[in-house]
Amino acid sequence: MGEVNTEQRSKGGDKGGIVKKGKKMPTRIDMTPMVDLAALLLTFFILATTFIKPQVMQLVLPEKNQEDTNQPKVNEKNVLNIVLGEDNKLYWYIGFTQAQVTETNYTDAGLRKVLQEQSNLNDKLVVLVKPQDESTYENLVDTLDELTINSIARYALVDFAVEDKALIDAFTGGSPAPVGG
Amino acid sequence: MAKVKMQRHSPVLDMTPMVDLFFLLVTFFMMTTTFAPSDFVTITTPHATSEVKLPETNNGTIVISADGRVFYRTDGTKNLRKLGERLNEKYSLGLTESELEKFSRQTGYGMPLSGLKQFLNLTDTQQKNTTLPGIPVDKGQNELLDWIVYTRIVNPDVRMVVKGDKTTNYPVIKKVLDSLQDCNVNRFNLITDKETNTLI
């Protein structure tokens with residue numbers, strides 16, 4: 001390793017230890033500690049740097065209209081309702097009157113297939129996502145993701161209403177809770 | 182033929198270029214590093230297929246923990262200071278100059294504004310050990326609205342980001358999304374993880 005050379009003394013041994021200046025005075029300094037420090041700092045900053053930028057899913061929701069008259073009218077035959085239930089349950093049905101509720105799940109064979117089929121059948125499809133209070137954020141993101149995968153741009157997040165509750169309760173059957181009008 | 186005497190090389194290595202390079206890199210990393218902001222709580226984000234990356238600056242992030250508490254953070258010390266001044270004015274929090282300074286150096290907020298002054302006067306370790314109650318988002322007392330509105334006033338380029346935990350129940354999410362929409366923010370970003378399993 002590099003060091004300051006102090007071995008000049010030996011040359012002028014008989015002259016009472018007086019150092020004769022050599023022609024070349026080596027100017028090497030031991031740089032090892034400096035390198036150590038630099039490497040340490042380098043490692044620290046590399047590790048501290050946030051390498052991984054978070055991924056985001058962009059979500060655009062329809063504007064909240066203050067007046068009901070501004071709401072676009074949609075034929076109920078074009079409306080696909082997706083209800084996110086508790087315990088990762090998922091229901092879907094078309095329209096509101098005489099709606100045929102079907103249960104499905106978040107897998108590729110479930111929701112994605114439903115969306116694929118329905119968007120192929122009907123190119124005016126509007127999807128209403130209705131999360132129940134018991135559903136989780138993951139359910140919501142999964143659903144929105146499936147909508148993006150199937151490139152369905154017309155969707156909205158809608159409140160889970162009493163009418164929907166009636167439909168789901170009628171489907172699951174087990175719920176004795178009376179459905180208030 | 183005379184034998185050529187091998188020159189004895191001392192094992193000295195010229196480290197100067199290496200040191201140069203090291204310091205160049207150190208400088209580079211020092212300049213570019215922005216420390217990852219802390220979240221107060223551990224958040225497991227849901228998976229999605231999206232591959233859009235979130236830019237590092239101009240984010241207003243709303244963090245929603247699994248138990249339904251809401252936190253808020255944004256970046257830019259100058260903007261934060263202005264944000265603090267605005268909130269101070271509106272809610273008459275009585276923050277002093279030094280408290281505003283502390284406010285602008287916070288990485289996030291998760292308390293009702295009435296508890297802000299007290300929180301700012303805690304030491305760093307005390308702050309870490311405090312369980313924050315979260316920002317109120319309920320109708321009637323929705324302080325998140327003000328955080329969003331004033332952030333957008335002091336920094337018009339800000340984009341709203343929602344970082345929710347997988348298991349958060351929908352009502353809180355709805356309150357947050359409603360608050361955003363009440364401020365006319367209809368375009369926002371949900372932080373997700375890359376889907377680990379292969380698709381299709």
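Protein chains in written order, with the working numbering: chain A, 1 to 181; chain B, 182 to 381. Cβ coordinates follow ideal geometry from the N, Cα and C atoms, glycine included. Computed from a predicted structure; not experimentally measured.
TODO: Pull up the DSSP beta-bridge partners for L90 of chain A, would you.
DONE: A:L84 and A:T104.
Open item on the list: Quick check on G345 of chain B: does DSSP put it in helix, strand or coil?
Closed with: Three-state DSSP puts G345 of chain B in a strand.
Task: Element boundaries [beta strand (DSSP E), containing Y155 of chain A] - done: Here the beta strand (DSSP E) through Y155 of chain A covers Y155 to L157.
Open item on the list: Using only the alpha-carbon positions, how far apart do W328 of chain B and Y253 of chain B sit?
Closed with: Taking the straight line from one Cα to the other gives about 8 Å.
Task: Local conformation of M196 of chain B per DSSP, three classes - done: For M196 of chain B, the secondary structure class from DSSP, reduced to helix, strand or coil, is coil.
Task: Rounded separation between K355 of chain B and A166 of chain A - CA only - done: Rounded to the nearest angstrom, the gap between the Cα atoms of K355 of chain B and A166 of chain A is 22 Å.
Task: Counted within 10 angstroms of its Cβ, other Cβ atoms place D123 of chain A as buried (16 or more) or exposed - done: D123 of chain A is exposed by the Cβ-count criterion.
- [ ] Decide yes or no for the touch test of the region 199-212 of chain B against the region 87-106 of chain A: beta carbon pairs closer than 8 Å, at least 3 of them.
- [x] When C-beta atoms of the region 199-212 of chain B are compared with those of the region 87-106 of chain A, fewer than three pairs fall below 8 Å, so the two segments do not count as touching.
Task: C-alpha gap between V126 of chain A and Q118 of chain A, whole angstroms - done: V126 of chain A and Q118 of chain A: Cα-Cα distance of roughly 10 Å.
- [ ] Consider the Cβ of D87 of chain A: report whether some Cβ of chain B lies at a distance smaller than 8 Å.
- [x] By this cut-off, D87 of chain A is not an interface position.
Task: Best match in B:Q307, B:L326 and B:D248 for proximity to C364 of chain B [C-alpha to C-alpha] - done: Nearest option by C-alpha distance: B:L326.
Open item on the list: Please report whether the beta-carbon of T136 of chain A lies at a distance below 8 Å from any beta-carbon of chain B.
Closed with: Yes, contact with chain B.
Task: Those runs of the alpha helix (DSSP H) which lie wholly inside the region 257-344 of chain B and span at least 4 residues - done: Those alpha helix (DSSP H) runs which fall completely within the region 257-344 of chain B and span 4+ residues are 258-272, 278-285, 297-301, 305-310 and 324-335.
TODO: With DSSP as the reference, please indicate the residues paired to P33 of chain A in a beta bridge.
DONE: In DSSP, P33 of chain A forms no bridge with anything.
Task: Unbroken beta strand (DSSP E) run spanning D374 of chain B, endpoints - done: Counting along the chain, the beta strand (DSSP E) containing D374 of chain B begins and ends at R368 to K375.
Open item on the list: Could you check whether T255 of chain B and V339 of chain B sit closer than 8 Å to each other, using their CB atoms as the reference points?
Closed with: Their beta carbons are under 8 Å apart, which means V339 of chain B touches T255 of chain B by this criterion.
TODO: Please decide whether K375 of chain B counts as near chain A, where near means a Cβ-Cβ distance under 8 Å.
DONE: So, interface residue.
Open item on the list: For Q116 of chain A, which residues in the same chain have their Cβ closer than 7 Å to its Cβ, ignoring the five residues on either side in sequence?
Closed with: Only N150 meet the Cβ criterion.
Open item on the list: Just to confirm before moving on: does the CB-CB distance between N350 of chain B and E138 of chain A stay below 8 Å?
Closed with: Between N350 of chain B and E138 of chain A, the C-beta gap is not smaller than 8 Å, which leaves the two residues out of contact.
Open item on the list: If we define contact as Cβ-Cβ less than 8 Å, is Y331 of chain B a contact residue for chain A?
Closed with: No, Y331 of chain B does not count as interfacial toward chain A.
Open item on the list: Is there a C-beta anywhere in chain A that falls below 8 Å from the one on K320 of chain B?
Closed with: Taking 8 Å as the threshold, the shortest C-beta distance from K320 of chain B to chain A does not fall below it.
Task: Distance between L274 of chain B and I295 of chain B (C-alpha atoms, nearest Å) - done: Going by the sequence as given, residue 295 of chain B is Ser instead of Ile. So the two alpha carbons sit approximately 7 Å from each other.
- [ ] Determine which residues of the region 340-353 of chain B have a Cβ less than 7 Å from any Cβ of chain A, and write them out in chain order.
- [x] Correct list: V342, G345, D346, K347, T348, T349, N350, Y351 and P352.
Task: Residue of A:P54, A:L90 and A:E63 minimising C-alpha distance to T136 of chain A - done: Looking at A:P54, A:L90 and A:E63, the one whose alpha-carbon comes closest to that of T136 of chain A is A:L90.
TODO: Could you confirm whether any beta carbon from chain B is found closer than 8 Å to the beta carbon of K64 of chain A?
DONE: At a cut-off of 8 Å, the C-beta of K64 of chain A has a neighbouring C-beta in chain B.
Task: Three-state secondary structure assigned by DSSP to N120 of chain A - done: Three-state result, N120 of chain A: helix.
Task: Proximity winner among A:I29, A:V129, A:L59 and A:V35, relative to R368 of chain B (alpha-carbon distances) - done: Comparing Cα-Cα distances from R368 of chain B to each of A:I29, A:V129, A:L59 and A:V35, the minimum goes to A:L59.
Open item on the list: Is there a C-beta anywhere in chain E that falls below 8 Å from the one on P227 of chain B?
Closed with: The structure shown contains no chain E; its protein chains are A and B.
Open item on the list: Quick check on F221 of chain B - is its C-beta less than 8 Å from some C-beta in chain A?
Closed with: Cβ-Cβ to chain A under 8 Å: no for F221 of chain B.
Open item on the list: Please identify the residue among A:T172, A:A170, A:D108 and A:E163 whose C-alpha is closest to the C-alpha of L147 of chain A.
Closed with: Nearest Cα to L147 of chain A within the set A:T172, A:A170, A:D108 and A:E163: A:D108.
Open item on the list: Excluding the 5 residues flanking P236 of chain B on each side, which residues of the same chain have their C-beta closer than 7 Å to its C-beta?
Closed with: Closer than 7 Å at the Cβ level, and outside the excluded window around P236 of chain B, lies no residue.
- [ ] Please state whether DSSP places Y241 of chain B in a helix, a strand or coil.
- [x] The sequence shown places Gly at residue 241 of chain B, not Tyr. In this structure, G241 of chain B counts as strand in the three-state DSSP scheme.
Open item on the list: Can you check which of these residues, B:K344, B:D195, B:N269 and B:E282, is closest to L140 of chain A by C-alpha distance?
Closed with: Checking every option, the nearest Cα to that of L140 of chain A belongs to B:K344.
TODO: Can you have a look at S279 of chain B and say buried or exposed, based on whether 16 or more other CB atoms are within 10 angstroms of its CB?
DONE: Counting Cβ neighbours within 10 Å, S279 of chain B comes out exposed, since fewer than 16 surround it.
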